[in-house]
Each structure stands twice: as C-alpha cells, then as structure tokens.
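*Asks:*
Residue numbers (the numbering used here): 497 to 606.
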C-alpha cells in the first residue's frame, strides 16, 4: 500500500466547476485529499492514501489511460462518473494529468 499523487493545472475560467466536481469526488472517496498550490493558483494535487497496486493501476488507467488504452469515463468502482468531464478543465487536457505512486521506504538489508 502506498500513496498516489495526481497533479494538474485547471483553467482559471473553469475553477468554479472544478471545485464543485472536486467536492463531490472527495465525498465519494474517503481516501482522497485535494490541495491547491499556494504559490501557483489553479495547480492542484490529489493525494490518494492506502491504494493497492491494483487500485493504482485501475485509477491511472481510468484517469490517463495506460498500456495503450484509452481513459475510461469514470472510476473502476463506478461510484462517480466524470473523469472525462474533469479533463476538459485541465490546461492541456488529459495529457497534462500527471500521476505517481509512492511506497514507504524500508531499510536495506546488508
């Protein structure tokens, strides 16, 4: 288990729509926090906690595609549609949504 960061910039004209969408997303996904850059308005980071490798892969595919596939219309669990809705607010579209998975470090064995 680890954490996942998703980072993107929202067009200023779409800010209100995005914030409404993000509020719903947070209600539907308890493991999600959303932050905005203090020095870069409209730059957002999602932090997803406790995702398994499989959950990360499904989320990444749903959001930005992967393995040659297209992004889906919504998350794998189907509780919230609208990944494609969100893409239109991202400056540069889906290709500018960046995602990374991180895991806790462990001491290396000698």
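Ideal Cβ placement from N, Cα and C applies to all residues, glycine included.
Predicted model only: the values in this text are computed from it and were never measured.
With three or more C-beta pairs closer than 8 angstroms as the rule, is the region 593-603 touching the region 517-533?
*Replies:* These segments do not touch.
*Asks:* So is residue 680 buried or exposed if we call it buried at 16+ other beta carbons inside 10 Å?
*Replies:* Only positions 497 to 606 of the chain appear in this structure, which leaves residue 680 out of reach.
*Asks:* If you count every other CB in all the chains shown that lies within 10 Å of the CB of residue 497, and 16 or more means buried, which is it?
*Replies:* Under this definition residue 497 is an exposed residue.
*Asks:* Using 8 angstroms for Cβ pairs, my map puts residue 539 next to residue 505. What's the rounded Cβ distance?
*Replies:* Contact holds; Cβ gap of about 5 angstroms.
*Asks:* By the 10 Å Cβ neighbour count, where 16 or more other Cβ atoms means buried, how is residue 502 classified, buried or exposed?
*Replies:* The residue is buried, with at least 16 neighbouring Cβ atoms inside 10 Å.
*Asks:* Leaving out the 5 sequence neighbours to the left and right, which residues in its chain are closer than 7 angstroms to residue 585 when beta-carbon positions are compared?
*Replies:* Hits under 7 angstroms: 506, 507, 510, 513, 514.
*Asks:* Taking the alpha-carbon positions, what's the residue 530 to residue 524 distance?
*Replies:* Between residue 530 and residue 524, the C-alpha separation is close to 13 angstroms.
*Asks:* Considering only DSSP beta bridges, list what residue 545 is partnered with.
*Replies:* DSSP lists 499 as partners of residue 545.
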